[in-house]
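Single-structure report; data block below.
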Amino acid sequence: PIRCGRVVMVGGREVKGPEYEVLCLLGSNMLINDIESIFRWNYELDLLGMDTISAGTVMGFAAELNERGLWKNGIEFGNKENISGVLRSIAYREGIGADLAEGVRFLADKYGGEEYAPHVKGLEFAAYEPRAAVGHGLGYATASRGACHLDGGYLIYFEVTGPVTLDPFHYRSKPGWVVLDQNLLAAISAGGNCLFTSWTFVPPVAFKVPGSKFLSSLITGILTHSWALVDALLRYPKILKLHLPMLPHTRAIEYATGMKMDFGTYFRVGGARLYAGEAV
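The opening residue of the sequence shown carries number 18 in our numbering; numbering runs sequentially from there.
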């Protein structure tokens with residue numbers, strides 16, 4: 018089982034706890050370090066049926082606009098007193114909530130700040146700073162629905178948060194790894210699987226590498242400079258008629274549906290037909 022959730026106490030009762038995004042976007046991003054308040058805001062957003070990522074990012078942008086004098090809205094970095102009220106006003110489109118409910122792009126168009134508005138195609142950034150992870154930023158820029166950390170390929174895992182990391186500021190090979198990740202995650206989603214199951218693509222030995230500076234540097238160098246070989250293989254997915262131990266999804270689909278499935282076919286499902294220049 019994949020431990021993808023937790024419970025916390027809010028008002029004397031157990032409720033679903035916050036994920037990373039809301040901890041960042043309504044916490045450190047707002048200069049607020051009160052974990053109990055963040056628990057409560059997360060619960061309130063769930064009850065209101067609101068997305069915590071978009072809500073958190075729009076709050077941060079509103080605070081930035083307020084600080085720069087572009088829109089006096091009462092939302093301030095470090096001030097937690099009015100957060101609950103503002104979130105509720107968004108849900109019911111009352112007062113400043115009517116504008117906040119339209120999202121970051123709307124606010125930038127109306128009040129200014131387009132050059133630092135955290136969105137792509139109108140979708141607010143998740144809690145990953147693209148200027149500090151250029152591959153993840155490229156994923157934001159090219160994802161089908163905008164700044165989605167999942168549709169974008171989640172390259173942050175290979176740049177910052179995973180066991181073996183690429184240089185987050187290095188541009189070499191990043192476009193190729195973004196394409197690979199985007200296609201694999203699209204295929205996993207199309208198969209009805211949780212994207213957290215994609216962690217199996219990272220071999221267990223990788224989690225032992227951070228203790229060795231030499232091995233970590235070696236693997237980082239290989240990932241950074243070997244893209245030409247990987248690229249050549251991915252341009253001909255029909256030759257990849259094999260199963261990878263690190264990607265059990267292909268055998269699972271065969272077992273569950275009776276379909277003939279291999280890595281090459283699976284990769285094509287995720288969009289590699291376009292990558293290889295085939296007609297669709």
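Each residue gets a CB set at the ideal place from its N, CA and C atoms; glycine is no exception.
Three-state class that DSSP yields for residue i in the structure shown
| i | result |
| --- | --- |
| K33 | strand |
| L250 | helix |
| E298 | Nothing about residue 298 can be reported from this structure: the residues present for the chain run from 18 to 297 only. |
| M67 | coil |
| M76 | helix |
| H187 | coil |
| V297 | At V297, the pLDDT of 41 sits below 50, so the modelled position is not reliable and the matter cannot be decided from this model. |
| Y283 | helix |
| M263 | coil |
| H242 | helix |
| M47 | helix |
| V219 | coil |
Short CB-CB distance (under 8 Å) between residue i and chain C
| i | result |
| --- | --- |
| T178 | Absent here is chain C; the protein component of the structure consists of one chain. |
C-beta atoms of residue i and residue j nearer than 8 Å
| i | j | result |
| --- | --- | --- |
| L183 | G152 | yes |
| D248 | G288 | no |
| L43 | I55 | yes |
| I107 | M67 | yes |
| T74 | E146 | no |
| G130 | L202 | no |
| A150 | E132 | no |
| V24 | R57 | no |
Where residue i falls, given that 16 or more other Cβ within 10 Å makes a residue buried
| i | result |
| --- | --- |
| S243 | exposed |
| N90 | buried |
| F284 | buried |
| D51 | exposed |
| Y253 | exposed |
| P185 | buried |
| T267 | buried |
Nearest candidate by alpha-carbon position, reference residue i, set the options
| i | options | result |
| --- | --- | --- |
| T178 | W216, T159 and S206 | W216 |
| A204 | A269, R57 and S101 | A269 |
| I70 | L104, V27, L87 and F231 | L104 |
| G238 | K191, L259, V24 and V286 | K191 |
(request) Assess, as a yes-or-no matter, whether the stretch 168-178 is touched by the stretch 110-122 under the definition of 3 or more beta carbon pairs within less than 8 Å. (result) no
(message) Using a Cβ distance threshold of 8 Å, determine whether the stretch 112-129 contacts the stretch 33-42, with at least three qualifying pairs required.
(response) no
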